Structure formats: structure tokens, C-alpha cells
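Student: In terms of the working numbering, the sequence shown opens at residue 48 and continues consecutively. Glycine residues also receive a C-beta, built at the ideal position from the N, C-alpha and C atoms. Note that this is a predicted model, so its numbers are computed, not measured. What follows is a structure written as C-alpha cells; I'll ask about it next.
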Amino acid sequence: MKAMFQRKFMQIIPYRILFAIGCLDMLSIVLNSILPGYWLITAQSFCESPLLNLYIGSFTFPSWAAYVGLNVSLSINRLIDFTWPSWEMKLFGGKRIVLWTGLPTLYGLFLYFFLPPMLYYPGTGGYYFGIEPGKIETPLYYSISDASVATIMLLLNLLMIRAMYRRNAAMMTKLQRVIMIQCLGMSVTVLLCAWLYVLMQIVPMPQFMVTGANLFWILSNGSMMIFYLFVNKAMRKEVQKILRKHCLLKVKPKPVYGCECK
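This is the structure we're talking about:
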């Protein structure tokens with residue numbers, strides 16, 4: 048995030064959305080990935096720390112939903128840029144970017160206040176709306192939200208790919224190609240995660256499919272960092288600069304003592 052928060056990147060509209068995604072991703076990855084992993088290693092369950100589970104469970108789905116909403120904003124931005132480039136500044140420029148990043152955040156806050164908290168279940172390493180997944184009824188709004196997100200993401204990505212081919216890849220700038228690959232990669236992980244969780248509410252699934260859905264949930268949170276480092280060369284260089292600078296500051300030069308030669 049430190050590498051991205053520079054004027055040369057923040058002047059580019061999609062990078063502003065990506066920065067907002069990154070900020071929310073850091074919160075979401077702790078709740079949805081790091082803590083469940085720690086609880087699996089230490090063999091903890093809801094009964095051992097119910098208040099902590101309720102507190103964290105209140106944020107798990109809302110934070111992921113807001114993260115997905117920001118991905119939808121990014122996909123719309125890329126579609127506008129490929130289809131009607133002159134409209135990108137009109138719709139996303141200036142303070143309008145606050146609308147595209149603020150609405151998903153408000154959506155997450157809405158879910159936080161009105162949706163019951165999810166509870167950690169050690170059997171699958173995931174979150175559910177009850178202590179025992181097989182004996183609970185998932186709120187209808189949860190399934191509707193996941194199905195809507197999956198459908199919207201699929202439609203936006205198909206339209207974006209269609210616009211990309213119509214425009215001709217040779218006419219795309221390097222920056223457009225890099226951001227497009229990042230957007231598609233992040234969208235695919237979100238799409239697969241959403242559809243798997245929708246199927247879990249409709250039909251009983253084997254254990255390995257449930258585990259796969261949880262893995263895609265984790266990957267959807269960390270996918271932005273992966274695509275930054277492997278696809279975006281400019282961002283990778285900035286990260287390397289920061290790491291080199293940080294390492295050099297930690298390495299203290301050894302004092303050199305003079306000696307008298309006879």
C-alpha cells in the first residue's frame with residue numbers, strides 16, 4: 048500500500064479504486080484468512096471464545112461484501128475505459144471517485160448493522176450463520192447477495208472481454224493491459240467464491256468442495272497482492288525499492304579500525 052500511495056499512481060483513476068480495495072483487503076484478509084488459520088492451528092472453537100467470535104463474525108461477510116462491491120466498481124471503470132474512453136473522467140474523475148468507493152463501503156456497513164454475525168466452525172475452517180452448519184438456515188439475503196454479485200461480475204467481465212476484442216489488443220496501452228489482467232484475475236476469484244457459496248446453500252456439497260469454497264474466499268482477499276507483484280512491473284519495482292531501503296536501514300556498517308603498519 049505504501050508503494051501504491053504515490054502521486055504518479057494516484058493520478059490514475061483505476062489505481063484510486065485499487066488503493067481503496069487494498070485498504071479494505073488488509074482488514075478482510077485478517078478476519079477471513081489469518082484468524083481462521085490461527086484457530087485451525089490452535090484447535091479453537093466458538094465455545095472457547097464466544098464474544099471474540101461474535102465480534103469478528105460481525106465483520107467477516109460485510110467486509111468481504113464491501114470488497115466485492117469495490118471490485119464491481121473497478122470492473123465498471125475498465126468497461127467504460129474500453130468502450131467509451133471519453134466518459135471515464137466524467138463518471139470517475141475528481142470527487143466522483145468517492146461515490147464509486149463510498150457506496151460499497153456503505154453497503155458493507157449496512158450488512159454489519161442488519162445481518163446476524165457469522166460464527167467460526169473448526170470442521171471446515173470457515174464462517175457460517177450458526178455453530179453447526181448442517182443444522183442452520185442461512186438468511187435469504189445472504190444467498191441473494193452472493194448470487195447477485197456472481198451474476199453482475201460475470202456479466203461485467205464478459206462485456207469487458209468483448210469490448211477488449213472489439214477495440215483490438217494492439218490499440219491498448221501497456222497500462223490498460225496490466226490493469227485489465229489485474230481486474231480479470233481478481234474478478235475470477237470473487238466470481239468462483241460467490242458461486243460456490245451459492246451452491247452450498249442450495250445443494251449439499253462434499254467436504255472437499257466446502258474446503259475449496261473457503262480457499263477461494265481466502266484467495267479472493269489476497270489476489271490483489273498476487274497480481275500486483277506478478278503482473279504490474281512498475282508496482283513490483285516500487286516494492287523492491289522500499290524493501291531494499293528498509294533492509295539497508297537495518298544493516299549497520301561495522302566500524303573500521305585503523306592499524307599502524309611498521
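Cβ atoms of valine 119 and methionine 200: under 9 angstroms apart, would you say?
Tutor: For the purposes of this step, residue 200 is taken as the residue at position 153 of the sequence shown. For the purposes of this step, residue 119 is taken as the residue at position 72 of the sequence shown. A contact, by the Cβ cut-off of 9 angstroms.
Student: Give a yes or no on whether the C-beta atoms belonging to cysteine 162 and phenylalanine 108 are separated by under 9 angstroms.
Tutor: Working through the sequence shown from its first residue, we reach residue 162 at position 115. Working through the sequence shown from its first residue, we reach residue 108 at position 61. Note that residue 162 is leucine in the sequence shown here, rather than cysteine. The answer is yes: Cβ separation under 9 angstroms.
Student: With the cut-off set at 9 angstroms, would you say glycine 173 and leucine 71 are in Cβ contact?
Tutor: Against the sequence shown, residue 173 aligns to sequence position 126. Against the sequence shown, residue 71 aligns to sequence position 24. No. Outside cutoff.
Student: Beta-carbon separation of threonine 220 and leucine 266 under 9 angstroms?
Tutor: Here residue 220 corresponds to residue number 173 of the sequence shown, with the count starting at 1. Here residue 266 corresponds to residue number 219 of the sequence shown, with the count starting at 1. Not in contact: threonine 220 and leucine 266 (Cβ atoms no closer than 9 angstroms).
Student: Do you know offhand how far isoleucine 249's Cα is from tryptophan 242's?
Tutor: Locating residue 249 in the sequence shown gives position 202, counting from the first residue. Locating residue 242 in the sequence shown gives position 195, counting from the first residue. Straight-line spacing of the CA atoms in isoleucine 249 and tryptophan 242 works out to 11 angstroms.
Student: Work out the CA separation of lysine 292 and leucine 246 for me, nearest whole Å.
Tutor: In the sequence shown, counting from the first residue as 1, residue 246 sits at position 199. In the sequence shown, counting from the first residue as 1, residue 292 sits at position 245. Cα-Cα distance, rounded: 47 angstroms.
Student: Classify tyrosine 85: buried if its beta carbon has 16 or more other beta carbons within 10 angstroms, exposed otherwise.
Tutor: Numbered from 1 along the sequence shown, position 38 holds the residue referred to as residue 85. Exposed, by the Cβ-count rule.
Student: Taking the Cβ atom as the reference point for each residue, do isoleucine 76 and glycine 269 lie within a distance shorter than 9 angstroms?
Tutor: The residue labelled residue 76 in the question sits at position 29 within the sequence shown. The residue labelled residue 269 in the question sits at position 222 within the sequence shown. Against a cut-off of 9 angstroms, the Cβ pair of glycine 269 and isoleucine 76 comes out as a contact.
Student: Let me confirm a value: glutamine 53 is counted as buried when at least 16 other C-beta atoms fall within 10 Å, else exposed. Which label applies?
Tutor: Reading the sequence shown from its first residue, position 6 is the one you call residue 53. It is exposed - the Cβ of glutamine 53 has fewer than 16 other Cβ atoms within 10 Å.
Student: Measuring only the C-alpha atoms, how far is serine 18 from glutamine 229?
Tutor: Since the first residue shown for the chain is 48 and the last is 309, residue 18 is missing from the structure and cannot be characterised.
Student: Among Met227, Trp134, Ile60, Ala112, which has the Cα closest to the Cα of methionine 264?
Tutor: Counting from one through the sequence shown, the residue named residue 264 turns up at place 217. Checking the displayed sequence, the identity of residue 264 turns out to be tryptophan instead of methionine. Nearest option by C-alpha distance: Ala112.
Student: Determine which residues share a DSSP beta bridge with leucine 166 and list them.
Tutor: One-based indexing of the sequence shown puts residue 166 at position 119. According to DSSP, which records beta bridges pairwise, leucine 166 is partnered with Tyr175.
Student: Given glycine 104, which residues of its chain have a CB within under 8 angstroms of its CB, disregarding the five upstream and five downstream residues?
Tutor: Residue mapping note: residue 104 aligns to position 57 of the sequence shown, counting from 1. For glycine 104, where only same-chain residues beyond five positions count, the Cβ hits under 8 angstroms are Pro164, Met165, Leu166, Tyr167, Tyr174.
Student: Measuring alpha carbon to alpha carbon, tell me which residue in Leu203, Gly259, Asn100, Gly116 is nearest alanine 158.
Tutor: Taking the sequence shown and counting its residues from 1, one reaches residue 158 at position 111. In the sequence as presented, alanine is not what sits at residue 158; that position holds leucine. With distances taken between Cα atoms, leucine 158 lies closest to Gly116.
Student: Taking glutamate 135 as part of the alpha helix (DSSP H), name the residues at either end of that continuous run.
Tutor: Start at 1 with the first residue of the sequence shown, and residue 135 comes out as number 88. Element bounds for glutamate 135: 134-139.
Student: Is it right to say isoleucine 289 is buried, meaning 16 or more other beta carbons lie within 10 angstroms of its own, or is it exposed?
Tutor: What you label residue 289 is simply residue 242 of the sequence shown in a count that begins at 1. Under this definition isoleucine 289 is an exposed residue.
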